[in-house]
Amino acid sequence: FPPLEVLERRHLRQDGIYLLYNSFAIYMFVGRHTDPYYLADIFKVEDFSQIDKNMSEDEIFANMEESQYLTGLNGLLNSIRQSR
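Numbering of the sequence shown is given in my numbering, commencing with residue 4 and proceeding in unit increments.
And the structure:
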């Protein structure tokens, strides 16, 4: 795992994506200026404003085998779930 970051609002970068875990739920913070590659790969959109905040995990990972990034993200989420 990468080193832990300070997750206070002023420390979150607007060009990054963060997974936030509080022992009960996993949240994803997506900065407004995130690389469009990741927006397309994860959310299947071209622009931050098009992200469907109600998109399910099943929808996000529907074509996981086509993306190394989504495969890695899914593995990370599974390891977090197993550590609960």
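Don't be surprised by glycine CBs; every beta carbon is placed ideally from N, CA and C.
Being a predicted model, the structure only gives us computed values, none of them experimental.
C-alpha gap between residue i and residue j, whole angstroms
i, j, result
"Leu10", "Glu69", "31 Å"
"Ile29", "Asp55", "17 Å"
"Ser26", "Leu80", "12 Å"
"Arg16", "Phe46", "19 Å"
"Ser82", "Phe4", "11 Å"
"Ser86", "Phe64", "21 Å"
Cβ neighbour criterion (16 or more within 10 Å) applied to residue i
i, result
"Thr74", "exposed"
"Leu76", "buried"
Unbroken beta strand (DSSP E) run spanning residue i, endpoints
i, result
"Leu42", "From DSSP, Leu42 is part of no beta strand (DSSP E); its letter is neither H nor E."
"Phe54", "According to the sequence provided, residue 54 is Ile. The question's Phe does not apply to it. Looking at the DSSP string, Ile54 is not in any beta strand (DSSP E), and its letter there is neither H nor E."
"Val33", "29-33"
Run of the alpha helix (DSSP H) containing residue i, from where it starts to where it stops
i, result
"Leu80", "71-85"
Cβ distance (whole Å) where residue i is taken to contact residue j below 8 Å
i, j, result
"Tyr72", "Asp44", "5 Å"
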